[in-house]
Structures are given as C-alpha cells and as structure tokens.
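Asker: Those letters in the sequence shown? Residues 0 to 154, by numbering that gives the first Met the number 0.
Glycine is no exception: its CB is placed at the ideal position from the N, C-alpha and C atoms.
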Amino acid sequence: MRLTSFTDYSLRTLLYLAANRDRLVTIQDIADLHVISKNHLMKVVYQLGLSGLVETVRGRNGGLRLGKEPKDINIGALVRSTETDFFMAECFDRAADTCPLTSDCKLKHTLNDATRAFLTVLDQQTLADMLPADPAHNQTKPVRIMRNAAKSTKA
0 MRLTSFTDYS
10 LRTLLYLAAN
20 RDRLVTIQDI
30 ADLHVISKNH
40 LMKVVYQLGL
50 SGLVETVRGR
60 NGGLRLGKEP
70 KDINIGALVR
80 STETDFFMAE
90 CFDRAADTCP
100 LTSDCKLKHT
110 LNDATRAFLT
120 VLDQQTLADM
130 LPADPAHNQT
140 KPVRIMRNAA
150 KSTKA
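1. How many Å lie between Thr6 and Leu63 at the Cα?
2. Is the beta carbon of Val78 less than 9 Å from the beta carbon of Leu40?
3. So, helix, strand or coil for Asn73, using DSSP?
4. Could you have a look at Arg64 and say whether DSSP puts it in helix, strand or coil?
5. Per DSSP, what kind of secondary structure is Thr83 in: helix, strand or coil?
6. Check this for me: beta carbons of His33 and Arg11, under 9 Å apart or not?
7. Express the C-alpha separation of Ala95 and His59 in angstroms, rounding to a whole number.
8. Any chance the segment 64-83 sits against the segment 108-123, with 3 or more Cβ pairs inside 8 Å?
See the structure below:
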C-alpha cells in the first residue's frame, strides 16, 4: 500500500508543527524543508485547518500551529480522513471492477485483511508517539541525498 502525497504531506506538516510548538511556522518553512510545492501544501494545510488539526494565525507575524495536542491526534484517523480510498486492487471498486476472477478469487479477502491490519496498527499511534523522546533531538533540518554523486576511489 502506498499513501497519497496528500496524506504524506499532512503527516509531515503535523510532525513539523508538533516539533516546533514554541513558535509559529509558515507554509514556506515546511515547503522548503521537504522540498515540496507550496501550492499543494496550502491545500493540505487548508484541509487540516478545517478538521481542527491546524490553527492559522493571520497577519504579518502569522503562521501555523497545532490545533490539538499531539497525544490527541490519532494517526489512523488522520490517514482515513486524508486518503480517498483503500482500493488495493481493481476488485475493491465495484463500479470499476472488470476482472473475470472476482467472484471466485480469494485475493481480495487477503488484501482486505492486510488493509485492516495496516489501519489497526495506525489506530494505535498518535502524533505524540511519532515524535522523538528527547525534545532537544528536533530533526527539522533537511537532509539532501545526492543522486549520481561522484564515487571516491581508493588506490
């Protein structure tokens, strides 16, 4: 299973806000950190705001902050609210299912069980569980991976 970028950005935003509770954060801060589209992130923050997970402060010195305590933000509930569906195969969507094996296939049941297990694990986690135990260990600096970097050779 792969989460949509909308869910990924929602999680990243909430984690960043939780790790920086001592200040207001801007959308640009988060976009720059994760090297993601500010426009897409604005849509994510808007939805998080509607759900009460993020509060916005307007004005010259405005920004974002968590709307709830990290311990009150359930990861499973967040993923369910940000994902459009959990169709792991064509047969999960009755409207689009054209597979001739659907009536006798047991794969759908196995994948459905796997999806339920996945969500059950997420239901047991809160945003607070995702944060480092040591507040001083705030990992908000971007890490860039260089592709095709020149390899060093030892003679």
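Answerer: So, from the listed chains and residues:
1. In the sequence shown, counting from the first residue as 1, residue 6 sits at position 7. In the sequence shown, counting from the first residue as 1, residue 63 sits at position 64. One C-alpha to the other measures close to 18 Å.
2. For the purposes of this step, residue 78 is taken as residue 79 along the sequence shown, with counting starting at 1. For the purposes of this step, residue 40 is taken as residue 41 along the sequence shown, with counting starting at 1. Contact: no.
3. Indexing the sequence shown from 1 puts residue 73 at position 74. Asn73: strand per DSSP, three-state reduction.
4. Here residue 64 is taken as the residue at index 65 of the sequence shown, counted from 1. Arg64: strand per DSSP, three-state reduction.
5. For the purposes of this step, residue 83 is taken as the residue at position 84 of the sequence shown. The answer is coil: DSSP assigns Thr83 none of H, G, I, E or B.
6. For this step, residue 33 is matched to residue 34 along the sequence shown. For this step, residue 11 is matched to residue 12 along the sequence shown. Yes.
7. Position 60 of the sequence shown, counted from the start, is the residue given in the question as residue 59. Position 96 of the sequence shown, counted from the start, is the residue given in the question as residue 95. Rather than His, the amino acid found at residue 59 in this sequence is Arg. Rounded to the nearest angstrom, the two C-alpha atoms are 49 Å apart.
8. Yes, the segment 64-83 touches the segment 108-123.
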